[in-house]
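Written out below as structure tokens is the structure these notes cover.
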Amino acid sequence: MMGRKKVWALGLAMALLLALLNGCSSGGNEAANNTSTSVNNGSSENAGDTGNPVTLRFSWWGGEDRHAATLEVIEAYKKIAPNVTIEAEYQGFDGYEQKIKTQLTSGTSADIMQLDLPWVQELVTKGDFFVDLKTVGDFDATGFDPTFLDNFGVYDGKLVAVPTGVNAYCLIINKTLADQLGIPTDIQWDWDTLYEQGKKLHEADSGKYLLLADHAALTQDFRTMLKQRTGEQWIKEDYTVGFTKEDAVASFEWLQKAMEAGVYQPLGEADLFFGKLDQNPKWINQEMPMTTSMSSTLPTLKTVLPEGTEIVTALPAIAKDAKNTGVVVRPSQLFAVSQKSQHQEEAVKFLNWLMNDPEAAVILGSVRSIPPVKSSQQAAVEAGKIDPAITNAVELGLENAGLVDNSISNNSEVAKILEDVIQKVSYNKATPEQAADELIASLTSKLAEIKDRTQ
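Structure below.
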């Protein structure tokens, strides 16, 4: 698992683009019939029965658009599985990870849960928390790209989780606002152009900033810079750091000067909306034209803007001399079924319907980015439920995909160290030199500790 690169990218790109193109060009009735046939195992006629009453808990995080669509799809399932009651447990991102991990440890988690990739990578090393979808129930995985599924959902031969969508890290741009401000939207951004455009904008109007970002976004930017400088994982598979002090200093220097120039909103203001950037008044009031984020967040970010606002996507910043693009393409999230569920087969049955049924695909649209199942992509495209800007982001990401993060790079303890140091630099509590020294020393110590625990 940890050593897997982007071997799946080209095949997935071709399958994805073919599905989207077919969906856009096929005749309505014929395409609809083909879609229904290809996902028969997940179709409504097989999804539920009229047996004994069953209650399932389903937990997820997201914005209002994701909540609304997921609640609607739950209502649709009631019509075909009237004996099944699904209790929705949903919230924003902040605090969700800790809640899920606590529930899994105590055996009180929901039957079906939405998870982030780093959590799955970490949790599978700590216990047997999830059912094997290959052996429990009748989950149809034939519509997924097999290598994508294997890279991100299979651990020790078990299918413990399935991707909710194909997600790409990208620039999400309010083109309507950018055009008004004279900011280009048709260029390949690099770190120099981000700095120059952001500095220029903030100097012209001190209330405006180029990039919407909380500390998580800054952390991702820093990791991307390191990958582009080194061409390697930022944490190696032997549990050592994959960068030099010089690499870290240069990346911290860029971040520090960008914060000082007003490229980013001050972190003390931005982090008031950590995990819910769409609620930041600077974005809502159109005082920031861009953000770097996963493509799955686009619908929520767009919903809060005035009707008719044009949103476009582009590749994130790539250094002119980059040794690797650093572009992240990964599952939007993953769905898993709890090993502690009292109704595992019914939970798997619902998950199968959710991922494979055309009706579910049309309701959900792109609230978790591009559906990972070919027939679901086609159904959503035909219904006009996939935002072209998301399609563009995923296509660009697949064409320019960087290294797939290894598991240790996504470890939560490792991530916390970087987040803490990033915040010190952002608040001018540490110089780039001091930050680099602290980061390398803290990571080296923590990685040795993790290695001792896991080997």
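In the numbering used here, the protein residues as written are 22 to 476.
Think of the CB as a built atom: it goes at the ideal place given N, C-alpha and C, for glycine as much as any other residue.
All figures in this text were calculated on a predicted structure; none of them were measured in a lab.
Separation of glutamate 454 from alanine 90, as counted between CA atoms: Here the question's residue 90 lines up with position 69 in the sequence shown. Here the question's residue 454 lines up with position 433 in the sequence shown. Rounded to the nearest angstrom, the two C-alpha atoms are 47 Å apart.
query: Short check: CB of arginine 87 to CB of glutamate 108, under 7 Å?
result: Here residue 87 is taken as the residue at index 66 of the sequence shown, counted from 1. Here residue 108 is taken as the residue at index 87 of the sequence shown, counted from 1. The Cβ atoms of arginine 87 and glutamate 108 do not sit closer than 7 Å to each other.
query: Going by C-alpha distance, which of Ser317, Thr185, Gly148, Asp149 is nearest aspartate 166?
result: Numbered from its first residue, the sequence shown carries residue 166 at position 145. Considering only alpha carbons, the answer is Thr185.
Spatially closest choice to isoleucine 339 from Pro393, Ala422, Glu267, by CA coordinates: By 1-based counting over the sequence shown, the position of residue 339 is 318. That would be Ala422, whose Cα lies nearest to the Cα of isoleucine 339.
query: Given that a residue counts as buried once 16 or more other Cβ atoms are within 10 Å of its Cβ, and exposed if not, what is proline 302?
result: Residue mapping note: residue 302 aligns to position 281 of the sequence shown, counting from 1. With fewer than 16 other Cβ atoms within 10 Å, it is exposed.
field: Three-way DSSP call (helix, strand, coil) for methionine 309 in this model
entry: Residue numbering aside, residue 309 sits at position 288 when the sequence shown is read from its first letter. Correct three-state label for methionine 309: coil.
query: The beta strand (DSSP E) spanning phenylalanine 79 covers which residue range?
result: Taking the sequence shown and counting its residues from 1, the one referred to as residue 79 is at position 58. Under the DSSP assignment, phenylalanine 79 falls in the beta strand (DSSP E) whose first and last residues are 75-82.
- prompt: What are the start and end residues of each continuous beta strand (DSSP E) run of 3 or more residues lying completely inside the stretch 177-255, in chain order?
  reply: As far as the stretch 177-255 is concerned, its whole beta strand (DSSP E) runs of at least 3 residues are 187-195.
message: With the cut-off set at 7 Å, would you say valine 349 and leucine 419 are in Cβ contact?
response: Translated into the one-based positions of the sequence shown, residue 349 becomes position 328. Translated into the one-based positions of the sequence shown, residue 419 becomes position 398. Going by C-beta atoms, valine 349 is not nearer than 7 Å to leucine 419.
task: For alanine 462, count neighbouring Cβ atoms within 10 angstroms of its own Cβ and tell me buried if that reaches 16, exposed if not.
output: Against the sequence shown, residue 462 aligns to sequence position 441. Counting Cβ neighbours within 10 Å, alanine 462 comes out exposed, since fewer than 16 surround it.
message: DSSP has arginine 389 in a bridge; who is on the other side?
response: Looking up residue 389 in the sequence shown gives position 368. The secondary-structure analysis by DSSP pairs arginine 389 with nothing; it has no beta-bridge partner.
query: Can you name, in chain order, every residue of its own chain whose Cβ lies under 6 Å from the Cβ of glycine 174, other than the five neighbours on each side?
result: The count along the sequence shown starts at 1 and reaches residue 174 at position 153. Excluding residues within five positions, the ones whose Cβ falls inside 6 Å are Leu180, Ala182, Val183.
Pick from Ser127, Leu222, Asp137 that is closest to asparagine 432, judged by C-alpha positions: Mapped onto the sequence shown, residue 432 falls at position 411. With distances taken between Cα atoms, asparagine 432 lies closest to Asp137.
- prompt: Using the beta-carbon count (16 or more within 10 Å), is tyrosine 448 buried or exposed?
  reply: Position 427 of the sequence shown holds residue 448. Per the 10 Å Cβ criterion, exposed.
- prompt: So, is glutamate 403 buried or exposed, given that buried needs 16 or more other C-beta atoms within 10 angstroms?
  reply: Within the sequence shown, numbered from 1, the residue matching residue 403 stands at position 382. That one is buried.
task: Report, in whole angstroms, the separation of the C-beta atoms of proline 392 and alanine 401, which I expect to be a contact under 8 Å.
output: Locating residue 392 in the sequence shown gives position 371, where the first residue counts as 1. Locating residue 401 in the sequence shown gives position 380, where the first residue counts as 1. Their Cβ separation, rounded to whole angstroms, is 6 Å, which keeps proline 392 and alanine 401 in contact under 8 Å.
message: Any contact between the stretch 342-361 and the stretch 122-139? By contact I mean 3 or more CB pairs, one from each, below 8 Å.
response: Because the criterion of three Cβ pairs below 8 Å is met, the stretch 342-361 and the stretch 122-139 touch.
C-alpha distance - threonine 261 paired with serine 430, whole-angstrom precision: On the sequence shown, position 240 is the one that residue 261 refers to. On the sequence shown, position 409 is the one that residue 430 refers to. Cα to Cα, threonine 261 sits roughly 10 Å from serine 430.
query: Should the stretch 188-200 be regarded as contacting the stretch 309-321, the criterion being three or more beta carbon pairs within less than 8 Å?
result: Yes, the stretch 188-200 touches the stretch 309-321.
- prompt: Is DSSP giving proline 2 helix, strand or coil here?
  reply: No statement about residue 2 is possible, as the shown extent of the chain runs from 22 to 476 and does not include it.
- prompt: Do the stretch 238-249 and the stretch 263-276 make contact, defined as three or more Cβ pairs closer than 8 Å?
  reply: In this structure the stretch 238-249 touches the stretch 263-276; the number of beta carbon pairs closer than 8 Å is three or more.
query: Quick one: what does DSSP say threonine 106 is sitting in, helix, strand or coil?
result: Start at 1 with the first residue of the sequence shown, and residue 106 comes out as number 85. Threonine 106: strand per DSSP, three-state reduction.
query: Taking just the CA atoms, how far does asparagine 373 sit from leucine 385?
result: As a position in the sequence shown, residue 385 is number 364, starting the count at 1. As a position in the sequence shown, residue 373 is number 352, starting the count at 1. Rounded to the nearest angstrom, the two C-alpha atoms are 14 Å apart.
query: Using CA coordinates, which residue listed in Gln254, Glu308, Lys196, Gln209 is at the minimum distance from aspartate 226?
result: Taking the sequence shown and counting its residues from 1, one reaches residue 226 at position 205. If we check each option's Cα against that of aspartate 226, Glu308 comes out closest.
message: Using a Cβ-Cβ cutoff of less than 6 Å, which residues in the same chain neighbour lysine 344 once the five nearest sequence positions on both sides are dropped?
response: The residue labelled residue 344 in the question sits at position 323 within the sequence shown. Hits under 6 Å: Gly252.
- prompt: Are glutamine 124 and tryptophan 82 close, meaning C-beta to C-beta below 7 Å?
  reply: As a first step, residue 124 is located in the sequence shown; it is residue number 103 there, counting from the start. As a first step, residue 82 is located in the sequence shown; it is residue number 61 there, counting from the start. No, the pair does not count as a contact, with Cβ atoms beyond the cut-off.
message: My output table needs one value for leucine 355: the three-state DSSP class, helix, strand or coil.
response: Mapped onto the sequence shown, residue 355 falls at position 334. Note: leucine 355 maps to strand in three-state DSSP.
task: For glycine 347, count neighbouring C-beta atoms within 10 Å of its own C-beta (all shown protein chains included) and say buried if the count is 16 or more, exposed if not.
output: Within the sequence shown, the letter at position 326 stands for residue 347. With 16 or more other Cβ atoms from the protein chains shown falling within 10 Å of its own Cβ, glycine 347 counts as buried.
- prompt: Regarding leucine 144 and the ligand ATP, is the C-beta to nearest heavy atom distance less than 6 Å?
  reply: For the structure depicted, the ligand ATP is absent and the ligand set is empty, with no information on it obtainable.
- request: Tell me, please, whether the stretch 192-212 touches the stretch 316-327 by the rule of three or more beta-carbon pairs shorter than 8 Å.
  value: As far as the Cβ criterion goes, the stretch 192-212 touches the stretch 316-327, which means the pair count is three or higher.
- request: Kindly list the residues whose CB is nearer than 6 Å to the CB of valine 141, restricted to its own chain and excluding five residues on each side of it in sequence; keep chain order.
  value: Sequence index remark: in the sequence shown, residue 141 carries index 120 (1-based). If the five residues before and after valine 141 are omitted, its C-beta is found closer than 6 Å to the C-beta atoms of Ala182, Leu355, all from its own chain and listed in chain order.
task: For tyrosine 117, name the three-state secondary structure that DSSP assigns.
output: Along the sequence shown, one-based indexing puts residue 117 at 96. Looking at tyrosine 117 - three-state DSSP - the assignment turns out to be helix.
Residue from Thr163, Asp426, Met134, Leu231 whose Cα sits closest to the Cα of valine 152: The residue you call residue 152 lines up with position 131 of the sequence shown. Out of Thr163, Asp426, Met134, Leu231, Met134 has the C-alpha closest to the C-alpha of valine 152.
Separation of valine 157 from threonine 265, as counted between CA atoms: Along the sequence shown, one-based indexing puts residue 265 at 244. Along the sequence shown, one-based indexing puts residue 157 at 136. The alpha-carbon of threonine 265 is positioned some 46 Å away from that of valine 157.
message: For histidine 223 and glycine 283, I'd like the C-alpha separation in whole angstroms.
response: One-based indexing of the sequence shown puts residue 223 at position 202. One-based indexing of the sequence shown puts residue 283 at position 262. Per the coordinates, the alpha-carbon of histidine 223 lies some 6 Å from the alpha-carbon of glycine 283.
Tryptophan 304 and leucine 215 closer than 7 Å at C-beta: For the purposes of this step, residue 304 is identified with residue 283 of the sequence shown, where counting begins at 1. For the purposes of this step, residue 215 is identified with residue 194 of the sequence shown, where counting begins at 1. Taking 7 Å as the Cβ cut-off, tryptophan 304 and leucine 215 do not qualify as a contacting pair.
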